[in-house]
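Counting from 26, one number per residue, gives the positions in the sequence shown under this note's numbering.
Where a beta carbon is used, it is the ideal one built from N, C-alpha and C, also for glycine.
Everything numeric in this text was worked out from a predicted model, so none of it was measured.
The structure appears right after this line, and notes come after that.
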Amino acid sequence: MTHSNPWSLSPEAIARFHRDGYLVVLDLLSSDEVEAFLQDNEDVFAGRRQTGLTHHLENETWARMAGHPRITAVLRALMRGQPMCVQTMMLAKAPGGKGIAIHQDGYYIETEPDTSNEPEIMIACWIALDAAGPDNGGLCVVPGSHQGPLLQFDRPQDSAQHVSWVHEYEYRNRAGKTWMVPLHSAEVRDWDPAREVLLTVPAGGGVFFTGRTIHGSHRNESPDRPRRAFACHYVRDGTWVYRTDIQRLMRV
Ligand SMILES: O=C(O)CCC(=O)C(=O)O
């Protein structure tokens, strides 16, 4: 973890990100910023406002959060280029709520070039809006997993722990050719659970991880503590995203 000023990441923090495939920044947002964002999204948590993956393109608060100067300063340092926001997600997990099986984002967001040579051309920023840890379904990562390939995957194996879905997406290449690709919720096959690190992140803290880093979350086992998080995924400018539903990138 780093306690350094996230406006200017230390060379050690940057090196740790490239070694481990993730970096926790404890003080990404102030408590006032977290509170204001939670309040602004009360109707989302109450189910009165629907939000798709591109809600930041129509909602100013989400756009401002995706382009928050602290987040973009960290991204620029880690990505070594101009970040472009691909998608944004509110990940609210009430007590008892299921997690997202352990996966690599490069499977859901295929790009050209892909993430094999430089995993950091795709980076997620996952922001804890509540203190998040092992008991309430916090984020987990497999350190160093970004240095390997995109792995084989199955459907999530434990339906009590993890959500499951199937969806067909339209893809379009740079030349304009389109085709359909069925995707499903994925769980990496044959991974070693002993390598999983269950992160503890305070509200306002963020986790940055690459498109290859194995990560996910488990069920919220807490009786009374929600785990609300906001996740933004970015690619380096010039990277092609194949899925047409998230192809309109936002410069941040
Ligand atoms: O918050 C979670 O449960 C998992 C988040 C995730 O998989 C992601 O942001 O890519």
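- When only Cα atoms are considered, Pro-174 and Ser-141 end up about 7 Å apart.
- Residue environment for Ala-91: buried (at least 16 other C-beta atoms within 10 angstroms of its C-beta).
- Within a 10 Å sphere around the beta-carbon of Thr-203 sit fewer than 16 other beta-carbons, which makes this residue exposed.
- His-81 carries a helical assignment under DSSP once its states are collapsed to helix, strand and coil.
- Bounds of any beta strand (DSSP E) do not take in Gln-64; it lies within the alpha helix (DSSP H) bounded by 56–65.
- Proximity to Gly-241 across Gln-75, Pro-159 and His-93 peaks at Pro-159, based on C-alpha coordinates.
- If you ignore the 5 residues before and after Met-275, its C-beta comes within less than 8 Å of the C-beta of His-81, Leu-82, Ala-88, Ala-91, Gly-92, Met-109 and Cys-110, all in its own chain and listed in chain order.
- Ranked by Cα distance from Asp-52, the first of Trp-151, Gly-163 and Asp-183 is Trp-151.
- With 16 or more other Cβ atoms from the protein chains shown falling within 10 Å of its own Cβ, Asp-155 counts as buried.
- In the three-state scheme derived from DSSP, where H, G and I count as helix and E and B as strand, Ser-242 is classed as strand.
- Ala-153: member of the beta strand (DSSP E) spanning 147–153, first to last residue.
- Taking Val-222 as reference, the option from Asp-45, Asp-183 and Ile-134 with the minimal CA-CA separation is Asp-45.
- Residue state for Glu-137 is assigned as strand, using DSSP reduced to three classes.
- Here Glu-212 is buried. Its C-beta has 16 or more other C-beta atoms within 10 Å.
- Rounded to the nearest whole angstrom, the CA to CA distance from Val-50 to Phe-233 is 8 Å.
- Taking Phe-70 as the centre and dropping the five residues before and after it, the same chain places the C-beta of Ala-117 closer than 6 Å to its C-beta, in chain order.
- Between Tyr-259 and Val-166, the C-beta spacing is not below 7 Å.
- DSSP, read as helix, strand or coil, puts Trp-87 in helix.
- Residue environment: Ala-219 is assigned as exposed (fewer than 16 neighbouring CB atoms within 10 Å of its CB, all protein chains considered).
- Boundaries of the beta strand (DSSP E) harbouring Thr-113: 108–118, taken from the DSSP string.
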